[in-house]
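Under our numbering, the sequence shown has 868 at position 258, and the numbering climbs by one with no breaks. Even for Gly, the Cβ is constructed at its ideal location relative to N, Cα and C.
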Amino acid sequence: MTRLSGKHREWLAGYLFVLPDALGLALFIALPAAMALFVSVYSFDAFGSFTFVGATHYRRMLVDPLFWTSLRVTVTFAVTLVPLLYVTGLGLALLVQRTNLYNAIMRSMLFAPQMVSLVVIGLVWQLLVVDKIGILPQMLVAVGIEPVSFLGDPRFALLTVTLVCIWFLMGFYMLVFLGGLHDIPQEYYEAAQLDGAGRIARFWYITLPLLRPTSFFVLLVSTVSAVAGAHAFDLVYVMTKGGPANATSLLMMYIYQQAFQFGDFGYASAMSAVLVAMLAVLSGLFFLLTRGGRFQYA
Numbered sequence: 611m612t613r614l615s616g617k618h619r620e621w622l623a624g625y626l627f628v629l630p631d632a633l634g635l636a637l638f639i640a641l642p643a644a645m646a647l648f649v650s651v652y653s654f655d656a657f658g659s660f661t662f663v664g665a666t667h668y669r670r671m672l673v674d675p676l677f678w679t680s681l682r683v684t685v686t687f688a689v690t691l692v693p694l695l696y697v698t699g700l701g702l703a704l705l706v707q708r709t710n711l712y713n714a715i716m717r718s719m720l721f722a723p724q725m726v727s728l729v730v731i732g733l734v735w736q737l738l739v740v741d742k743i744g745i746l747p748q749m750l751v752a753v754g755i756e757p758v759s760f761l762g763d764p765r766f767a768l769l770t771v772t773l774v775c776i777w778f779l780m781g782f783y784m785l786v787f788l789g790g791l792h793d794i795p796q797e798y799y800e801a802a803q804l805d806g807a808g809r810i811a812r813f814w815y816i817t818l819p820l821l822r823p824t825s826f827f828v829l830l831v832s833t834v835s836a837v838a839g840a841h842a843f844d845l846v847y848v849m850t851k852g853g854p855a856n857a858t859s860l861l862m863m864y865i866y867q868q869a870f871q872f873g874d875f876g877y878a879s880a881m882s883a884v885l886v887a888m889l890a891v892l893s894g895l896f897f898l899l900t901r902g903g904r905f906q907y908a
């Protein structure tokens, strides 16, 4: 029996470690995506009959006002959520960066929402902000402020869902930034401090540049999850179901409605295919512009 060299054993070990994730991606991501692409060119119903319609569903998207409304809401949601998550996660990581008992407790408290189901989170926050009987509207009335319909007013519904998402996710991204901060050698800060650099200068010229790989990961993952993540559907479905007046109808919500409420699986699959293509292009641009988070410019 031929013995493998050390290099080949390392390759084999690496492939074996990657294999479970690769199988999961193939079975639960690649295969459903291929099936959605297949169904998107057919008129498919829940009874199993289907008819080839070609690009009809894609042409329908071009003239569907609700599709464009959902796309606009999704872009607004992502553009608002991603920068706020970045700032919040990094700010919290800087606040609890030092290792002590107080910071350990604070980290646990900030990460605690991640341990609870998104459905439960949505139900709790719905009870907190629902009109008339919610705790927050009652607090506004108690101090003499006109109550705000956080979920019933199209002006505030999307912002309310966005803030709940930030509250839910900020602990996770705090931990990601903490990992990046702990990888920065302390010698850099000590040398800068000896040279007279203040806190702002050290943050601007040391912390931010050396956090570029972490920042790349946070921006990429938070953008993808804002468009197609669990919170982009679960929280919206529980709290608003896309209302009021489609103000929180993200594209994921509209796809669900077309597929499982109206039974139009072909059209829903076509929108899913477009969504996947958009995310692939967006991810490719992220990698192209940042060189995978290295931010090295010629």
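Contact set for residue i: own chain, Cβ-Cβ below 7 Å, skip 5 residues either direction
{"i": "Arg670", "result": "Tyr877"}
{"i": "Gln724", "result": "Gly781 and Phe782"}
{"i": "Ile755", "result": "none"}
{"i": "Leu695", "result": "Ile776, Leu779, Met780, Tyr783 and Ser832"}
{"i": "Asn713", "result": "Val706"}
{"i": "Val846", "result": "Val771, Gly852, Thr858, Leu860 and Met863"}
Spatial neighbours of residue i in its chain, beta-carbon cut-off 8 Å, leaving aside the 5 residues before and after
{"i": "Ala767", "result": "Phe760, Leu761, Thr850, Gly853, Pro854, Ala857 and Thr858"}
{"i": "Leu788", "result": "Ala703, Val706, Gln707 and Arg717"}
{"i": "Leu720", "result": "Leu702, Val706, Met780, Gly781 and Met784"}
{"i": "Asp631", "result": "none"}
{"i": "Leu799", "result": "The question names Leu, but residue 799 in the sequence shown is Tyr. Excluding sequence neighbours, Tyr799 sits near Arg812 and Ile816."}
{"i": "Val985", "result": "This structure does not reach residue 985, given that the chain is present from 611 up to 908, and the question cannot be answered."}
Element boundaries [alpha helix (DSSP H), containing residue i]
{"i": "Phe677", "result": "Pro675 to Leu705"}
{"i": "Arg901", "result": "Looking at the DSSP string, Arg901 is not in any alpha helix (DSSP H), and its letter there is neither H nor E."}
{"i": "Val651", "result": "Counting along the chain, Val651 falls outside any alpha helix (DSSP H), and DSSP gives it neither H nor E."}
{"i": "Phe782", "result": "Pro764 to His792"}
{"i": "Leu761", "result": "Leu761 -> no alpha helix (DSSP H), and no H or E assigned at all."}
{"i": "Ser832", "result": "Arg822 to Ala838"}
{"i": "Pro854", "result": "Per DSSP, Pro854 belongs to no alpha helix (DSSP H) and is neither H nor E."}
{"i": "Thr666", "result": "Thr666 to Leu672"}
{"i": "Gln871", "result": "No alpha helix (DSSP H) contains Gln871, which DSSP labels as neither H nor E."}
{"i": "Gly808", "result": "Counting along the chain, Gly808 falls outside any alpha helix (DSSP H), and DSSP gives it neither H nor E."}
{"i": "Arg717", "result": "Leu711 to Phe721"}
{"i": "Pro747", "result": "Ile745 to Ala752"}
{"i": "Met862", "result": "Leu861 to Tyr866"}
{"i": "Ile731", "result": "Leu728 to Val739"}
8 Å Cβ cutoff met for residue i and residue j
{"i": "Val848", "j": "Gly744", "result": "no"}
{"i": "Met862", "j": "Ala842", "result": "yes"}
{"i": "Phe687", "j": "Leu860", "result": "yes"}
{"i": "Thr698", "j": "Ile776", "result": "yes"}
{"i": "Phe660", "j": "Tyr652", "result": "yes"}
{"i": "Thr770", "j": "Thr690", "result": "no"}
{"i": "Phe826", "j": "Thr900", "result": "yes"}
{"i": "Val774", "j": "Trp814", "result": "no"}
{"i": "Val739", "j": "Leu746", "result": "yes"}
Bounding residues of the beta strand (DSSP E) (the contiguous stretch that carries residue i)
{"i": "Asp638", "result": "The sequence given here places Phe at residue 638; Asp does not occur at that position. Element bounds for Phe638: n/a, residue is neither H nor E."}
{"i": "Thr661", "result": "Phe660 to Phe662"}
Given residue i as reference, the closest of the options once Cα atoms are compared
{"i": "Gly664", "options": "Phe648, Trp678 and Val683", "result": "Phe648"}
{"i": "Phe896", "options": "Asp874, Pro823, Leu860 and Val846", "result": "Pro823"}
{"i": "Asp844", "options": "Val729, Phe687 and Ser680", "result": "Val729"}
{"i": "Ala869", "options": "Ser650, Phe827 and Tyr625", "result": "Ser650"}
{"i": "Ala911", "options": "Arg812, Ala643 and Phe662", "result": "The chain is shown from 611 up to 908; residue 911 falls before or after that span and cannot be answered."}
{"i": "Asp741", "options": "Gly808, Asp763, Gly790 and Val683", "result": "Asp763"}
{"i": "Tyr864", "options": "Leu635, Trp678, Gln796 and Pro693", "result": "Trp678"}
{"i": "Tyr866", "options": "Ser680, Tyr799, Leu892 and Tyr625", "result": "Ser680"}
{"i": "Thr666", "options": "Asp874, Ser893, Leu892 and Leu889", "result": "Asp874"}
{"i": "His684", "options": "Leu889, Phe627, Ser893 and Leu637", "result": "For the record, residue 684 in the displayed sequence is Thr; it is not His. The shortest C-alpha separation from Thr684 is found at Leu889."}
{"i": "Gly790", "options": "Ala623, Gly808 and Leu700", "result": "Leu700"}
Same chain, Cβ closer than 6 Å to residue i, five either side skipped, listed in chain order
{"i": "Leu750", "result": "Pro757"}
{"i": "Ala908", "result": "Caution applies to Ala908, whose pLDDT of 38 falls short of 50 and renders its modelled position unreliable; the model cannot decide the point."}
{"i": "Gln803", "result": "none"}
{"i": "Ala644", "result": "none"}
8 Å Cβ cutoff, residue i in contact with chain B
{"i": "Phe782", "result": "Any reference to chain B falls outside this structure, which holds one protein chain only."}
Tell me whether the stretch 802-819 and the stretch 671-679 touch, counting them as touching only if at least three CB pairs, one residue from each stretch, are closer than 8 Å. no
State whether the stretch 835-842 contacts the stretch 885-892, with contact taken as three or more CB pairs (one from each stretch) at a distance under 8 Å. yes
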